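Before any comments, here is the structure.
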Amino acid sequence: ERSLVRAAARSPIVEVFNTAAALIESHARQASARLYAVTSAVPGEGKSTVTCNLAVALARAGSRVLLVDADLRKATQHQLLNVANDPGLSSYLIGATDEIDTVIFPTEVENLSLLPSGPLLQSPAPYLRSERFRALLPELRERFDFLFVDLPPVRSAADGLHVVGLADAVLLVLAAGETRKDDATAAKRLVRGAQGKLAGCILNKAEIQTRGYYYYSAAPAVEAGAAE
3 ERSLVRAAAR
13 SPIVEVFNTA
23 AALIESHARQ
33 ASARLYAVTS
43 AVPGEGKSTV
53 TCNLAVALAR
63 AGSRVLLVDA
73 DLRKATQHQL
83 LNVANDPGLS
93 SYLIGATDEI
103 DTVIFPTEVE
113 NLSLLPSGPL
123 LQSPAPYLRS
133 ERFRALLPEL
143 RERFDFLFVD
153 LPPVRSAADG
163 LHVVGLADAV
173 LLVLAAGETR
183 KDDATAAKRL
193 VRGAQGKLAG
203 CILNKAEIQT
213 RGYYYYSAAP
223 AVEAGAAE
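Numbering (our numbering), first residue to last: 3 to 230.
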């Protein structure tokens, strides 16, 4: 669960996520996708780190990327990208500001911006299913080449299920040797039941060729190797 932000340019983890980014670019062209929701089955699978690393890899490849931390119960992205967390998405959703640009911040990674979660909310679901949030995503989608939305695990909170159907595609992060098969199966069923377009799964923490990430596409027989 290492961040790419300060990783050496030729390190294995960078190569792995460069490969994953290339797969996402290919999927984006084929599916006309820009807005990717990322979730997991249960907590602890490395979803937020994986989301951040994908965003960093695509930004370094030249795409304009916005990462939205919509896990309003457990903010993480501001820590990974060294950005203040207040104000953020929750500030906009509760009406503390009407200017979305006041809560979008540049990061030290060129081409990558962050919309942090903002102050945590006890009951985020009503805000994530609000018309204010539903109207925000298409607006942001048109301003960036890629928009990644980091969502809560679908088996532990229903918040993200209000969002997956709004995305062009959904990526599901699972942990090798940790995620139970029934949790993975249930997570896929929940995503599809919420009208989410499941583009693929990322198997995190896998030990394949001494590396730690493995990417499976939902498309038949499309896969790529990984990093620690």
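Where is the CB? At the ideal position from N, CA and C, for every residue including glycine. In this text, all values refer to a predicted model and were calculated from it rather than measured experimentally.
Classify residue i as helix, strand or coil using the three-state DSSP reduction.
i      : result
VAL85  : coil
ALA9   : coil
ALA169 : coil
GLY195 : helix
ILE204 : strand
ALA186 : helix
VAL105 : helix
VAL111 : coil
ALA177 : strand
Compare the beta carbon distance of residue i and residue j with 8 Å and say whether it is the shorter of the two.
i      : j      : result
LYS190 : LEU168 : no
SER50  : GLN79  : yes
ASP161 : LEU74  : yes
ARG8   : ILE15  : no
ALA193 : VAL156 : First, the residue type needs correcting, since residue 193 is Val and not Ala in the sequence shown. Taking 8 Å as the Cβ cut-off, VAL193 and VAL156 qualify as a contacting pair.
VAL67  : LEU114 : yes
PRO126 : VAL105 : no
Taking the alpha carbon of residue i as the point to measure from, which residue in the options has its own alpha carbon closest?
i      : options                         : result
VAL44  : PHE19, ASP185 and PRO126        : ASP185
CYS203 : ALA11, ALA39 and ARG31          : ALA39
SER65  : VAL85, ALA72, SER158 and PHE150 : PHE150
GLY179 : GLU47, SER125 and PRO154        : GLU47
ALA196 : ALA177, ARG131 and PHE135       : ARG131
ALA23  : ASN84, ASN55 and LEU37          : ASN55
GLN124 : GLN32, ALA57, SER92 and LEU205  : SER92
Which value, in whole angstroms, describes the spacing of the CA atoms of residue i and residue j?
i      : j      : result
LEU116 : THR109 : 7 Å
SER34  : ASP170 : 8 Å
PHE19  : ALA59  : 6 Å
VAL172 : PRO118 : 20 Å
LEU142 : VAL70  : 10 Å
THR99  : LYS183 : 42 Å
ASP152 : GLU17  : 22 Å
TYR129 : LEU95  : 6 Å
ALA201 : THR181 : 19 Å
PHE107 : ALA177 : 30 Å
ILE102 : ASN87  : 14 Å
LEU163 : ALA188 : 13 Å
ARG62  : THR21  : 13 Å
GLU230 : LEU37  : Any answer about GLU230 is weak, because its pLDDT of 32 lies below 50 and its placement is not dependable; what the coordinates show is given next. Distance between the alpha carbons of GLU230 and LEU37 is about 26 Å.
ALA77  : GLY120 : 8 Å
GLU112 : ASN84  : 14 Å
LEU122 : ARG136 : 19 Å
LEU82  : VAL52  : 11 Å
GLY198 : HIS29  : 16 Å
Please check if any C-beta of chain D sits within less than 8 Å of the C-beta of residue i.
i     : result
ASP88 : Among the chains in the structure shown there is no chain D, since it carries only a single protein chain.
query: In the segment 12–96, which residue ranges form an unbroken alpha helix (DSSP H) of at least 4 residues, counting only runs that do not cross its ends?
result: 14–33, 49–62, 79–83 and 91–95
- request: Return the chain-ordered ranges of every beta strand (DSSP E) run that is complete within the segment 121–172 and spans a minimum of 3 residues.
  value: 148–152
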